[in-house]
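Before any comments, here is the structure.
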Amino acid sequence: MKPNRLSTKKHTLRFAVILSALVLAGCASTQSTTSSTSASSASSTASTVSTSEESGADETDSTGGAMNGTIGSVIEANLSFKNKDFYIDYSTEDTVKIDLSAPKEADGVKVSGSTVTITEAGTYVLSGTLTDGQIIIDAGDEDDVRLVLENASITCTTTAPIYAKNADKVIISLPENTESTVTDTVTGTDGNDELTAAIFAKCDLSVNGTGTLNANANANDGITSEDKLKITGGVLNITSADDGLVGKDAVLIKDGTVHITASGNGIKSTKSEVDKGYVYIGGGTVNITAEQDGIQAETSVLISAGEVNVTAGGSANGEQKTGNAMFGGAQSTTTDETLSTKGIKAEAALDITGGTVTVDSADDSLHSNDSMTVSGGGITVKSGDDGLHADNTLTIEDGTIVVEESCEGLEAIDLTINGGTIDVTASDDGLNAAGSSVDGGFGTAGADTLTVNGGTLTVNASGDGLDSNGALTINGGTVYVSGPTGDGNGTFDCDGVFTINGGVVLGTGSSGMLKTPTTDSKQNTISVSCTGSAGDTVEVKGADGNTLVSAVAPKNFTNVTFSTPDITEGETYTVYVNGTEAASETCSGVVSGATGMGSFGGGPGNMGGRAPNGGMGGQMPNGNGGTPPQMPGNTSDT
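Using mature numbering (1 follows the signal peptide of the UniProt record, and there is no 0), the letters of the sequence shown map in sequence onto residues -25 to -1, 1 to 613.
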């Protein structure tokens, strides 16, 4: 899909996303005892993840807690990492070396057959091969135990190969140019507790370094901490029969490279209490291929930096194992009745403030059961259902969003665009405000709102372009909408009040369900009957011959609706299609030319739709009034 450009007489605006711009530098510097990010969280304009040598109290959160006492957005400024979470050269430390091929007892080390138990705080360097054996950490409540894996191989056919039974924190360090492997066969037990991972910790667990760790979990999960799981370095290759990474309190990734292939979820945090159950990615590279959700948080997700690539449920073209066609029918994060195949899912808040996120998912690509905010970064998604979906509020402050394939591109009860560059391709509605308890239908306005205050928005939709069961308001920004070719939908549609108060707006589509703004709008709008085909260039010119706005239409159209701050009452404006005059209209007031009532509003989107071929297409040359090139051959007229 090539991007479309919309030009004004003042400047040329680039509509679609230049994909190369999304390939950001994903990995932050790793082996540093201090690290910070410049991206702000949804609740903080300047956020810093700090490090500290202090060993008291909470290992990860400041006194304010990750969420400041209420379940909601993760506050990045409240997250901190200890120095011990990062790699430290152990060559000058007092260490205990353990040759796993022939383990021997030493200070803090007990050996019983093929079971090696570490009982004291310290640094333990493991090398060699332990066949059908187990490493157990059973130290004091205040003890930190560091395992340095120097080309170690640990396999076990009866339980978890590495089991952190008791300690304050266990740190797994991966030295440079080393590769270690941990492999299990079955889910082990310890009393009434199931050891559900190849590496299983009942305490906080950190992984750091620059070496490689392979975790082959043939029974269940790859790496699990019942508290917090933190990754600040290393290359982790995880293959799991169920989930890849599990941090029940939280999963925090600051650096490193993580590759996950999971038959369950890629990354999961499961506790529902305040300041727990969240996933934070603030650097590094995370690649996930999961049969279920890519990332699943029982509370919230924050991505502020790094590179995140997710394939969930096979892809946008994959078959959803189960589904729910109801709005907000996003399955609960824990259910035995459905199989969720979303890219990134949060029960509370999903916030993206930076980094690069790419998702290809059978269900929603980005989903929140409450709120979602995008304030930076680059997002590219392909979805078998919604591109970005929030059950309550979805707010775009900044960043770049490309929805390459979806049923509905962006969906929420209250959908607000304040900035950013957004390019949506949808087989149903492009943007849809629906799902409130006071919802519209059959001509009755609901409480839903779709508001555009700024940014650059491009929509190519086979259903309604911009659709609200309540109010539809455009106050600013640059908006180009290619609406439906059939008369059962409209380029713009709402059950409530439709107002254009500012911005540059151009819509092409069918005329059967035409919806124009109300006369209490603060900016003039003109709508004309005008026929064109996929790939045609649409230009609007004033009486002076200057181009106000232009774009290349990706689909056939019979109506053109436009609004800019330059439209003046009494002046005549002409629409050209491929340079030939197609229609003209004199502005007689707030709304001139063709008018319409629209349909009864857009209900909840259906599931499993497929996007039309082709994007917005074309590219405007520099300067005003130029002629864009023709639409590429992959355009669709359906």
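We put the beta carbon where it would ideally sit given N, CA and C, even for glycine.
Residue i - containing beta strand (DSSP E), residue span
{"i": "Val210", "result": "Val210 to Ser215"}
{"i": "Ala280", "result": "Val276 to Ala287"}
{"i": "Ser347", "result": "According to the sequence shown, residue 347 is Met rather than Ser. Run containing Met347: Ser346 to Ser358, per the beta strand (DSSP E) assignment."}
{"i": "Thr153", "result": "First-last for Thr153: undefined, no H or E at that position."}
{"i": "Asn262", "result": "Tyr253 to Ala265"}
{"i": "Ser567", "result": "Val566 to Gly568"}
{"i": "Leu220", "result": "Leu220 to Gly222"}
{"i": "Ile392", "result": "Asp389 to Ile392"}
{"i": "Val233", "result": "Thr232 to Ala237"}
{"i": "Phe61", "result": "Segment: none, Phe61 is in no beta strand (DSSP E) and carries neither H nor E."}
{"i": "Gln271", "result": "Ile270 to Ala272"}
{"i": "Gly184", "result": "Asp179 to Gly184"}
{"i": "Thr171", "result": "Neither: Thr171 is in no beta strand (DSSP E) and is coded neither H nor E."}
{"i": "Ile397", "result": "Thr396 to Ala401"}
{"i": "Glu560", "result": "Thr555 to Thr561"}
{"i": "Thr483", "result": "Val479 to Gly484"}
{"i": "Cys469", "result": "Phe467 to Cys469"}
{"i": "Glu379", "result": "Thr368 to Glu380"}
{"i": "Ala192", "result": "Thr187 to Ala192"}
{"i": "Ala408", "result": "Leu406 to Ala408"}
Rounded separation between residue i and residue j - CA only
{"i": "Pro78", "j": "Ala135", "result": "18 Å"}
{"i": "Thr375", "j": "Gly353", "result": "5 Å"}
{"i": "Ser525", "j": "Ile542", "result": "15 Å"}
{"i": "Ser486", "j": "Ser279", "result": "43 Å"}
{"i": "Phe473", "j": "Thr483", "result": "17 Å"}
{"i": "Pro529", "j": "Ser508", "result": "8 Å"}
{"i": "Thr400", "j": "Thr500", "result": "25 Å"}
{"i": "Cys562", "j": "Ser504", "result": "15 Å"}
{"i": "Gly208", "j": "Asp165", "result": "30 Å"}
{"i": "Lys296", "j": "Gly318", "result": "Residue confidence is low: Lys296 scores 46 on pLDDT, short of 50, so the model does not pin down where it sits. Its coordinate-derived value is still stated next. Taking the straight line joining both Cα atoms gives about 15 Å."}
{"i": "Thr310", "j": "Ala420", "result": "Note that Thr310 has pLDDT 40, beneath the 50 cutoff, so the model's placement of it is unreliable and no number is given."}
{"i": "Leu481", "j": "Ala557", "result": "16 Å"}
{"i": "Ser559", "j": "Lys516", "result": "9 Å"}
{"i": "Ala3", "j": "Lys229", "result": "In this prediction, Ala3 scores a pLDDT of 36, lower than 50, which makes its location untrustworthy; the coordinate-derived value is nonetheless stated afterwards. Computed Cα separation, rounded: 8 Å."}
{"i": "Pro150", "j": "Ser181", "result": "14 Å"}
{"i": "residue 650", "j": "Gln271", "result": "This structure cannot speak to residue 650, because the chain is shown only from -25 to 613."}
{"i": "Thr130", "j": "Asn240", "result": "23 Å"}
{"i": "Thr9", "j": "Ile63", "result": "Here the model assigns Thr9 a pLDDT of 35, short of 50, so the residue's position is not dependable, and the following value carries that caveat. Using only the alpha carbons, I get a separation of about 13 Å."}
{"i": "Thr370", "j": "Gly103", "result": "52 Å"}
{"i": "Ile449", "j": "Asn476", "result": "6 Å"}
{"i": "Asn284", "j": "Thr236", "result": "12 Å"}
{"i": "Ala291", "j": "Glu386", "result": "17 Å"}
{"i": "Thr160", "j": "Ala194", "result": "5 Å"}
{"i": "Asp403", "j": "Met488", "result": "15 Å"}
Proximal residues to residue i (C-beta, below 6 Å), its chain only, five neighbours per side dropped
{"i": "Thr286", "result": "Thr264 and Asp335"}
{"i": "Thr187", "result": "Glu154 and Val210"}
{"i": "Ser443", "result": "Ala408, Asp423, Leu425 and Cys469"}
{"i": "Gly281", "result": "Gly1, Ile256, Gly258, Gly259 and Gly330"}
{"i": "Ala142", "result": "Ile112, Ala114, Asp118, Val120 and Cys178"}
{"i": "Val123", "result": "Tyr65, Val100 and Ser148"}
{"i": "Val221", "result": "Asp196, Thr199 and Lys243"}
{"i": "Val233", "result": "Leu211 and Val261"}
{"i": "Val356", "result": "Val334, Ser340, Gly362 and Val378"}
{"i": "Thr506", "result": "Thr533"}
{"i": "Asn191", "result": "Thr158 and Thr214"}
{"i": "Ile206", "result": "Val182, Ile228 and Gly231"}
Neighbourhood of residue i by C-beta, 7 Å cutoff - its chain only, sequence neighbours within 5 removed
{"i": "Gly83", "result": "Val71, Ile93, Thr94, Glu95 and Gly97"}
{"i": "Ser346", "result": "Ala324, Ala365, Asn367 and Thr368"}
{"i": "Ser238", "result": "Ser215, Ala216, Asp217 and Glu266"}
Distance cut-off 6 Å: residue i Cβ against heavy atoms of the ligand SAH
{"i": "Val100", "result": "Judged by which ligands are present, the structure shown has none, so any question about the ligand SAH falls away."}
Closer than 7 Å to chain D by CB, residue i
{"i": "Gly184", "result": "The structure shown contains no chain D; it holds only a single protein chain."}
Residues near residue i by beta carbon distance below 8 Å, same chain, minus five either side
{"i": "Asp36", "result": "Model confidence at Asp36 stands at a pLDDT of 44, short of 50, so the residue's coordinates are unreliable; what they give is reported in the following sentence. Answer for Asp36: Asn53, Leu54, Ser55 and Asp250, listed in chain order."}
{"i": "Asp69", "result": "Gly97 and Thr98"}
{"i": "Thr460", "result": "Ser437, Gly484, Ser485, Lys530, Asn531, Phe532, Asp612 and Thr613"}
Take every Cβ of the segment 47 to 66, pair it with every Cβ of the segment 272 to 286, and state whether three or more of those distances are shorter than 8 Å. Output reads yes: the segment 272 to 286 touches the segment 47 to 66.
Using 8 Å as the threshold, is the segment 457 to 467 in touch with the segment 420 to 431, meaning 3 or more CB pairs across them? Taking one beta carbon from each stretch, the segment 457 to 467 and the segment 420 to 431 have fewer than 3 pairs nearer than 8 Å; the two do not touch.
Touching by the beta-carbon criterion (3+ pairs, under 8 Å), the segment 170 to 183 and the segment 195 to 212: Yes: the two stretches touch, three or more of their Cβ pairs being nearer than 8 Å.
List in chain order: all unbroken beta strand (DSSP E) runs of 3+ residues lying wholly within the segment 512 to 545. Within the segment 512 to 545, the complete beta strand (DSSP E) runs of at least 3 residues are 512 to 516, 522 to 527 and 532 to 538.
In chain order, which continuous runs of the alpha helix (DSSP H) of length 4 or greater are located wholly inside the segment 71 to 139? Qualifying alpha helix (DSSP H) stretches: none in this window.
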